[in-house]
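Take a look at the structure below.
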Amino acid sequence: MPQSLLATDGYKFSMAEAGWPLRKETFYYSHRKGGPQVMPLDLAAWVKNLLPEPQPDDYAFLARHDYEMGVGFKAAILRKAQLSVRAIPRGALFLPREPILTITGPSALVSWLEPMLLQLNYRVQVATQALQDREALARTLATVTCEEEKRIALETLDQVGVRAVSIQVDPEGYVRRVRAQVQELVDVVEDPSRIFEVGLRAATCLEQHELALRACQEAGVQRTSNVEGARVLGMIPVGTMGHEHVQRYGSDDAAYRAMHERRPQRSSYLLDTFDTLTSGIPAAFKLIAEEPQGGDSIRFDSGNKKLQYLYAVTRARDLGIKPVIILEDGLDAQMTREFEELRKQVGWEPTTQFYGYGGHIVARTMFHALTRDRVAAIYKLSCSGATPVMKFGNELAEGKQSVPGTPIVFRRRTGTGPLGLVGQAGEATPQGYFPLMEAAPSMPTLVGTEGLTPEEQRIGYTATTQALVESITRRHFPQGR
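Numbering (the UniProt record's numbering), first residue to last: 1 to 481.
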């Protein structure tokens, strides 16, 4: 059934207003790790079932919370017929870092899908473990958080032809665990208003995330990125900028100014799309210095955040500005204690330093380990208009560099070479390979993968994709990385 328009993250609405909601864009879905995995369902049909059905009350709620949407967004979200889906077939085996699904369509619509689409990772993990070891899966899923999570697991087992396992549902236990986790964080920062929740993308389903939000409320946290959850529970929806916004503008400065100059509300500048120290911080501080009382914030998201933090504080004082600081990405209680100690050492006011938590609150408190982080599921912008784009991140060792263009997967049939090749739509099929996204569906199986070595599981780029990556890298880093 159609989803609520609000069943996404708040920053999807702000980015649409500061971007081009009707522009044709392509996003792709991938798992960065986890070994060989299997696709249990028809992805194209599943995606269509996720699409939203907007109601007047949705737009009224958004407007009340500083997300008033323009005519471009409202038109884009209705253009479902313009959506084009390329996907590996049901039953297909896929490898880490392969782009197994690409969606092309109006920017606002394909972007909106991200949080719901990322929940696909749970279905894939259930299917893969079921085919590997049903008894191990029975132990893994002995207890789950909610009825919806149980329903998804049983549906997935049926899709892969594995007999159902016994699953208990314990929402009260899950809420207790989340509440305790959040309370520990509140105790560290000493003020729940300094914490906000960003875990919709880490949840297995909407019902589970609502339970987590109820626990957050009980511990005093009132802000969440889940707009539908905020409406249901009377919380405050938050979020302004993700990597896709910076990617589509092609530079930190242009992206930050677009957000600052097209929305009257405070902006949060995400620093690490290209490089935090050499690009993100200088561009953000230049803009903040032009309006130092505007209350805009900077958000750290990857790399050595302590080094970045200390550099930012020192540079801000040199410039005579006081940006709000936001820390996210993998934070836990210990890291929070360390950043609170840093804050005290440098004399940064607690009212200008905030923390966002996703998986630490929502996923680490689950009863099983089939989390998004376990496979590092991602959904990334790869082409905006006619321009292929990439996310680079601060450290290549983190493996967070994304794939540009309209990626497709070629699977090796004969000969030697990588088992998977990442190519581009319209590219000729390399010799010895076949286009996996054009293959016929089959019954999901992992037969034949048990003996694959890491070398045999590797993927590579076609010459076309490699040339695209090198061209974009040279454009953003002419002196090299």
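Note that beta-carbon positions come from the ideal geometry of N, C-alpha and C, so glycine has one too.
If you draw a straight line from the Cα of leucine 95 to the Cα of glycine 417, it is about 15 Å long. Nearest to proline 350 by C-alpha distance, out of Gly359, Ala363, Ile326, Met335, is Ile326. For alanine 283, same chain residues with a beta-carbon under 6 Å away, outside a window of 5 residues either side, are Asp252, Asp253, Tyr256 in chain order. Residue ranges of uninterrupted beta strand (DSSP E) with 3 or more members, entirely inside the stretch 74-146 and ordered along the chain, are 84-87, 101-106.
Around the Cβ of serine 442, a 10 Å sphere holds fewer than 16 other Cβ atoms; the residue is exposed. Beta-bridge pairing by DSSP links histidine 31 to Ala377. Annotation for alanine 333: Glu184, Leu185, Val188 place their beta carbon closer than 7 Å to its own, counting only its chain and skipping 5 residues before and after. Of the candidates Tyr11, Leu117, Asp58, the residue whose Cα lies closest to the Cα of asparagine 49 is Leu117. Assignment of arginine 223 by DSSP, reduced to helix, strand and coil, places it in the strand class.
Sequence-distant Cβ neighbours of tyrosine 249 in its own chain, meaning closer than 7 Å and more than five residues away, are Ala255, Ala258. Following the DSSP letters along the chain, one finds glutamate 197 inside the beta strand (DSSP E) bounded by residues 195-197.
In the three-state reduction of the DSSP assignment, lysine 24 falls in the strand class. Distances from the alpha-carbon of alanine 76 to those of Gly303, Glu438, Pro106 put Pro106 closest.
Beta-bridge annotation (DSSP): proline 407 is paired with Gln424. Short of 7 Å from the beta carbon of threonine 464, and not among the five residues preceding or following it, lie these beta carbons of its own chain, in chain order: Gly423, Gln424, Glu427. Check the Cα spacing between threonine 365 and each of Pro407, Pro237, Glu172, Phe354: the tightest is with Glu172.
DSSP places phenylalanine 354 inside the beta strand (DSSP E), whose first and last residues are 353-357. The count of Cβ pairs closer than 8 Å, one atom from the stretch 214-229 and one from the stretch 370-384, stays below three, leaving the stretches out of contact. Exclusion of the five residues before and after tryptophan 46 leaves Leu120 as the residues of its chain whose Cβ lies within less than 8 Å of its Cβ.
Relative to arginine 201, the option among Arg163, Gln37, Gln479, Tyr122 whose CA is nearest is Tyr122.
Below 8 Å, enough C-beta pairs join the stretch 122-136 and the stretch 160-175 to call them touching: three or more. The C-beta separation of glycine 19 from valine 238 comes to about 18 Å, leaving the pair out of contact by the 8 Å criterion. With 16 or more neighbouring CB atoms inside 10 Å of its own CB, valine 246 falls in the buried class. For proline 323, there is no enclosing alpha helix (DSSP H), as DSSP gives it neither H nor E. Ranking Ile100, Ala440, His476, Gln345 by CA distance to the CA of valine 409 puts Ile100 first.
Residue Thr143 holds the alpha-carbon nearest to the alpha-carbon of aspartate 170 among Arg179, Thr143, Ala363, Glu155.
Put simply, the backbone Cα of tyrosine 357 is about 19 Å away from that of leucine 342.
In this structure, serine 111 places its C-beta atom within 8 Å of the C-beta atom of methionine 15. Residue pairing by DSSP places valine 169 opposite Val144 in a beta bridge. The secondary-structure analysis by DSSP pairs aspartate 9 across a beta bridge with Asn226.
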